[in-house]
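Everything on this sheet refers to the single structure shown next.
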Ligand code: MSP
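In my numbering, the protein residues as written are 172 to 832.
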């Protein structure tokens, strides 16, 4: 079997590492851990991009030689990753000798194949981007990235025949729907290819202008363009072409933010194809972390230092927050308030409280030993079933890089376990002397908590190990072989009666809100959509009791249509109505703070478990309706065909609360 291999961007060393760099690298770490739990060998490559104008200028500004400068900042990146609990990676530098030789080998190969040519060229050169822009690419004569006027330069340079590969790239993207994901970035690249603005790529810089780069093997008066050099790190970090690691790992996949979509979606596949190498499998593109609702920048003073956050709140709560808060692909806002909110609600109240109360009860009722369970009741079966479905949903969503939704599915289980404690009331069973029933309830809780702890290993590795330790599972996760998540889904058992567990637990102390620093003043939750002001609610044809459309619908004008508040939301809990066979009861997150309860006649067509994590479209400003004792605060949209109702959702993942028009 081939290894799972993923890369982060190779970060520029002209700035110190911040939250954005940390996020990409944490995602790589979590994906690697997740794939190891699927029985694969897995690791990732990260590193530092050290050549080019930008670095040279930053070094000059600092009064250092480029070498001194890159050594210092590259060291900061390298030292940061272990502090964030990041593991299983190689750190590559574009100034490493092996990498330099590798790049020269590929340049020669592409040159010999006739795909690099020499030509006189005049163009608009942006020093910030270190590249030429064509007239068509400029926006009002300015570089679209830096909003600065590029310099018009005329010089002889080497060009890579990228345009030759554009039709192939387009058909590859069309034939492989998840080559670039999420979908919105795939569409963006296809639109870019269709716009016809892409030309051949200038891949050299004359030494008269820049010396800090890799010398071209076929002309010593030139150095290589920094992107051609940096992208090849993804291969050079594996060793020489066709070495054992190369064969096991390539093609791998990449992880980048939207800022560097084009070089990864266009330049890189073209370079690989020209060098006769297989193209990568997936390009996973995430959005930006915003701070005070804008992109982080030194001059705005809103850069979030991940180390500062880790020192203040510990590694795992910080990691949890990043994975839970950002919907992969969309931008997300960082604020200490939001971080503290998650720590106190999800971690201290839900997860930490569960561990604390169950372990102290086990200490009291069974001297801290896992009891032998007896006959299960219906409520126990429901938990066992929910445990499997939550883990299945978690695994599927995590594999599809939908981390926030995956964690939400796991929290459905965590919250259900807390409710199960309340409904089964172990303290009452103990008082009644009903030790058989008490043993079963405590076993169910402890066994399900072990599953939660295992699932959390990719996101919160330190806490996952602590939780497993507290459950007497010293051999799990820390020591290979890593437990296999699919086996764990298949069987609820896995925790043995008689195992000694901790007498108490305090995993996530609550954080007091005072004393958070400057950055916390950022506004919370960028993703929450603002409701439009819709004062007048016009009558609209409703669905009848069967959920089918009424036969005759009156024509309405646009103003009337605008009064219907339709939104996208994610189902975070689904269950059968206790009193109506055909009705499902949903709790749906519309980004409103608390989830909404909506009822729908879908029980014949879907099981509750398969809908958790799904995004739906719903009408929110419908008058609340009571159906057999439960209130529905809105209506999910469905389509009807051949007597079957199908839920309607957005084609690509959207932030919860996005309005539909
Ligand atoms: N050196 C190039 C990449 C070459 S890859 C062969 C580069 N470096 S960079 O230091 O600017 O890193 C950009 C990457 O850092 C983004 O793609 C993303 O992974 C991460 N982030 C930097 N700022 C970010 C945010 N504000 N939010 C999220 N991630 C961002 O481009």
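Quick reminder that beta carbons are idealized off the backbone N, C-alpha and C, glycines included.
Check                                                                                                                                                                                     : Outcome
Would you call the stretch 453-472 and the stretch 363-382 touching, i.e. three or more CB-CB distances under 8 Å?                                                                        : no
What are the uninterrupted segments assigned as alpha helix (DSSP H) that are 4 or more residues long and contained completely in the stretch 525-585, given in chain order?              : 549-570
Pair every Cβ in the stretch 611-622 with every Cβ in the stretch 548-564, then say whether three or more of these pairs are closer than 8 Å.                                             : yes
Should residue 832 go down as buried or exposed, given a rule of 16 or more other Cβ atoms within 10 Å for buried?                                                                        : exposed
Run through DSSP, which three-state label would residue 706 get?                                                                                                                          : Its pLDDT being 30, under 50, residue 706 is placed unreliably in this model, and the value from its coordinates should be taken loosely. Reduced to three states, the DSSP call for residue 706 is coil.
Excluding the 5 residues preceding and the 5 following residue 717 in the sequence, name in chain order all residues of the same chain whose CB lies nearer than 6 Å to its CB.           : Confidence at residue 717 is low in this model, with a pLDDT of 35, below 50, so its placement is unreliable and the value that follows should be read with caution. No residues qualify anywhere along the chain.
When the Cα atoms are used, what is the spatial distance from residue 565 to residue 287?                                                                                                 : 47 Å
Start and end of the alpha helix (DSSP H) containing residue 246?                                                                                                                         : 237-254
With a cut-off of 8 Å on the beta carbons, I'd call residue 218 and residue 397 a contact; round off their distance for me.                                                               : 14 Å between Cβ atoms; not a contact.
Using 9 Å as the threshold, is the C-beta distance between residue 745 and residue 758 below it?                                                                                          : yes
Is residue 191 close to the ligand MSP? I mean its beta-carbon at under 8 Å from any heavy atom of the ligand.                                                                            : yes
Sorry if obvious, but does the Cβ on residue 356 come closer than 8 Å to a heavy atom of the ligand MN?                                                                                   : Absence of the ligand MN is noted for the structure shown, with the ligand MSP being the only ligands found.
In the DSSP output, what is residue 460 paired with across the bridge?                                                                                                                    : 503
According to DSSP, simplified to helix, strand and coil, what is residue 341?                                                                                                             : helix
Take the Cβ of residue 644 as the centre, count every other Cβ of all protein chains shown within 10 Å, and call the residue buried at 16 or more, exposed below.                         : buried
In whole angstroms, what separates the C-alpha of residue 349 from that of residue 392?                                                                                                   : 41 Å
Per the DSSP calculation, residue 425 is bridged to which residue(s)?                                                                                                                     : 178 and 454
Could you tell me if residue 626 is buried or exposed, where buried requires 16 or more neighbouring beta carbons within 10 angstroms of its beta carbon?                                 : buried
Say the cut is 8 Å; is the CB of residue 180 nearer than that to a heavy atom of the ligand MSP?                                                                                          : yes
Classify residue 653: buried if its beta carbon has 16 or more other beta carbons within 10 angstroms, exposed otherwise.                                                                 : buried
Is the beta carbon of residue 203 less than 9 Å from the beta carbon of residue 213?                                                                                                      : yes
Consider the C-beta atom of residue 270 and the heavy atoms of the ligand MSP; say whether any pair is separated by less than 8 Å.                                                        : no
Are residue 792 and residue 767 close, meaning C-beta to C-beta below 9 Å?                                                                                                                : no
Distance check for residue 256 and residue 629, CA to CA, integer angstroms please.                                                                                                       : 10 Å
What are the boundary residues of the alpha helix (DSSP H) that includes residue 295?                                                                                                     : Residue 295 -> not in any alpha helix (DSSP H); beta strand (DSSP E) instead, spanning 287-297.
So the candidates are 177, 272 and 244; which of them puts its Cα closest to the Cα of residue 186?                                                                                       : 244
Kindly give me the distance between the Cβ atoms of residue 612 and residue 403, rounded to whole angstroms, as I take these residues to be in contact under 8 Å.                         : Not confirmed; about 58 Å, so no contact.
Could you name the residues of the same chain whose beta carbon sits closer than 7 Å to that of residue 476, not counting the 5 residues immediately before and after it, in chain order? : 189
Does the distance between the C-beta of residue 511 and the nearest non-hydrogen atom of the ligand MSP fall short of 8 Å?                                                                : no
Would you report the Cα separation of residue 605 and residue 537, rounded to the nearest angstrom?                                                                                       : 13 Å
Going by DSSP, what residues sit across from residue 395 in a beta bridge?                                                                                                                : 375
Taking 8 Å as the cut-off, is the C-beta of residue 453 nearer than that to any heavy atom in the ligand MSP?                                                                             : no
Residues in the same chain with beta-carbon distance under 6 Å from residue 328, minus the five sequence neighbours each way, listed in chain order, please.                              : 292, 373 and 375
Could you tell me the alpha carbon to alpha carbon distance between residue 363 and residue 423, rounded to whole angstroms?                                                              : 24 Å
From the DSSP output, in three-state form, read off residue 765 for me.                                                                                                                   : coil
I'd like to know if the stretch 337-348 and the stretch 429-444 are in contact, where contact means that at least 3 CB-CB pairs between them fall below 8 Å.                              : yes
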